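Structure first, commentary second.
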Amino acid sequence: METRSGSAKGRSRHPSQSWWAPRPLPSRYQGGDVRARRAQTAAMAPLARQFSGGLESCPRALSWGAVVCVWLFLSTLCTGPTSAIQVTVSDPYHVVNLFQPVTLPCTYQSTATTTVPIVIWKYKSFCRDRIADAFSPASVDNQLNAQLAAGNPGYNPYVECQDSARTVRVVAVKQGSAVTLGDYYQGRRITITGNADLTFDQTAWGDSGVYYCSVVSAQDLQGNNEAYAELIVL
Numbered sequence: 001m002e003t004r005s006g007s008a009k010g011r012s013r014h015p016s017q018s019w020w021a022p023r024p025l026p027s028r029y030q031g032g033d034v035r036a037r038r039a040q041t042a043a044m045a046p047l048a049r050q051f052s053g054g055l056e057s058c059p060r061a062l063s064w065g066a067v068v069c070v071w072l073f074l075s076t077l078c079t080g081p082t083s084a085i086q087v088t089v090s091d092p093y094h095v096v097n098l099f100q101p102v103t104l105p106c107t108y109q110s111t112a113t114t115t116v117p118i119v120i121w122k123y124k125s126f127c128r129d130r131i132a133d134a135f136s137p138a139s140v141d142n143q144l145n146a147q148l149a150a151g152n153p154g155y156n157p158y159v160e161c162q163d164s165a166r167t168v169r170v171v172a173v174k175q176g177s178a179v180t181l182g183d184y185y186q187g188r189r190i191t192i193t194g195n196a197d198l199t200f201d202q203t204a205w206g207d208s209g210v211y212y213c214s215v216v217s218a219q220d221l222q223g224n225n226e227a228y229a230e231l232i233v234l
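Here full-length UniProt numbering is used: the first residue of the sequence shown is 1, the next is one more, and so on.
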């Protein structure tokens, strides 16, 4: 029986099998599939090397391949863990009488799981004398401060100045359960309690100033790791 290809050679004459149905290759052609797969792998190797080179190599690939590469890169960034810390002082202003106790509250939230953050409290003297300004509200300096605050609502003239223009010293450091006082405060009944609260059992002259609560964690590279509270001792 003659077929459309013009020859009956190699075609099955079984009446139930169509002439166009696929037939397995003879055994002598089986090796051709292996060689074809090897050739295809070799042809795809340059494209694979372009993608393995990182994001900067993506533009050399096909346009759709570059899009896929960028998507995978951004997905890695978005799904990776974000390490951040947040330090908060709930009450930033305190006025107490001499020799009275006071606690400057400070809390922090950390993503660190393998290391214990270090809590550091520092004292910085006021940039301006708050008490003197309170008794001289009509002074030229106070009027200037009021003008600066009006133009910048977040401006605090008693806090914002260079450290070189005021006294700075370490009050206490806490790591784990151990609390170490700074040299100037040795012998004082001062400690860090709770999460990061600074507690004075008895205030003294010279304690008035700005107290900065800082939390240091090697695992937390983002966020806000510092906040401050003002203390006035009358």
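Glycine is no exception: its CB is placed at the ideal position from the N, C-alpha and C atoms.
All values derive from a computational prediction rather than experimental measurement.
When you compare the CB of Leu-234 with every CB in chain B, is at least one pair closer than 9 Å?
The chain labelled as chain B is not found in the depicted structure, where only one protein chain is given.
Determine the DSSP secondary structure at Ala-134, reduced to helix, strand or coil.
Residue state, collapsed to three classes: helix.
Name the DSSP beta bridge partners of residue 236, please? Outside the displayed span of the chain (1 to 234) sits residue 236, for which this structure offers no information.
- Item | Where Ala-172 falls, given that 16 or more other Cβ within 10 Å makes a residue buried | That one is buried.
Review point. Are there 16 or more other CB atoms within 10 angstroms of the CB of residue 304, so buried, or fewer, so exposed?
Key: What the structure shows of the chain is the stretch from 1 to 234, and residue 304 is not part of that stretch, so it cannot be assessed.
- To the nearest angstrom, how far is it from the Cα of Ser-57 to the Cα of Leu-221? For Ser-57, the pLDDT reaches just 44, beneath the cut-off of 50, and the residue's location in the model is therefore unreliable, although a value from the coordinates is still provided. The alpha-carbon atoms of Ser-57 and Leu-221 are separated by roughly 29 Å.
Write down the C-beta distance between Arg-166 and Lys-124 rounded to the nearest angstrom, noting that I regard them as a contact closer than 8 Å.
6 Å between Cβ atoms; contact.
How many Å lie between Asn-225 and Ala-218 at the Cα? When rounded, the distance between both Cα atoms is 12 Å.
Practice problem: Can you check DSSP and say which residues form a bridge with Gln-86? | Solution: Looking at the DSSP output, Gln-86 sits in a beta bridge with Gln-109 and Asn-224.
**Prompt:** Taking C-beta to C-beta, are Val-215 and Val-87 nearer than 9 Å?
**Reply:** Cβ atoms of Val-215 and Val-87: closer than 9 Å.
Nearest neighbour of Ala-84, chosen from Thr-113, Ser-90, Thr-180 and Gly-182 [CA to CA]:
Nearest C-alpha to Ala-84: Thr-113.
- Message: Considering only the alpha carbon of each residue, which of Ala-134, Val-102, Ile-192 and Gly-187 lies closest to Ile-175?
- Response: Rather than Ile, the amino acid found at residue 175 in this sequence is Gln. Out of Ala-134, Val-102, Ile-192 and Gly-187, the CA that lies nearest to the CA of Gln-175 is found in Ile-192.
TODO: Note down the Cα distance separating Leu-234 from Leu-98, rounded to an integer number of angstroms.
DONE: Roughly 6 Å separates the two Cα atoms.
Notebook entry, point to check: Over what stretch of residues does the beta strand (DSSP E) that includes Phe-200 continue unbroken?
Noted result: Bounds of the beta strand (DSSP E) holding Phe-200 are 197 to 200.
Thinking Leu-181 and Tyr-211 are a contact (beta carbons under 8 Å), I'd like their distance in whole angstroms, please. Going by Cβ atoms, the distance from Leu-181 to Tyr-211 rounds to 14 Å, so no, they are not a contact pair.
Proximity winner among Tyr-108, Phe-126, Ile-131 and Ala-150, relative to Glu-160 (alpha-carbon distances): That would be Phe-126, whose Cα lies nearest to the Cα of Glu-160.
Counted within 10 angstroms of its Cβ, other Cβ atoms place Phe-200 as buried (16 or more) or exposed = Buried, because 16 or more other Cβ atoms sit within 10 Å of the Cβ of Phe-200.
Can you have a look at Ile-120 and say buried or exposed, based on whether 16 or more other CB atoms are within 10 angstroms of its CB?
-> So Ile-120 ends up on the buried side.
TODO: Give every residue of the same chain whose Cβ lies closer than 6 Å to the Cβ of Gln-109, excluding the five residues on either side of it in the sequence, and list them in chain order.
DONE: Within the same chain, Cβ atoms closer than 6 Å to the Cβ of Gln-109 are found at Gln-86, the five residues on either side in sequence being excluded.
* Asked: Apart from the five residues on each side of it in sequence, which residues of its chain come closer than 8 Å, Cβ to Cβ, to Pro-101?
  -> Excluding positions up to five away in sequence, the list reads Thr-199, Phe-200, Asp-201, Gln-202 and Thr-203.
Practice prompt. Give the range of the beta strand (DSSP E) segment to which Gly-121 is assigned.
Written response: Reading off the sequence, residue 121 comes out as Trp, not Gly. Secondary structure note for Trp-121: its beta strand (DSSP E) is the uninterrupted segment 118 to 124.
Close beta carbons around Ala-227, own chain, < 7 Å, minus the five adjacent residues each side: Hits under 7 Å: Val-87, Thr-88, Val-89, Cys-106 and Cys-213.
Using DSSP with H/G/I as helix, E/B as strand and the rest coil, what is Tyr-93? In the three-state reduction of the DSSP assignment, Tyr-93 falls in the strand class, which pools E and B.
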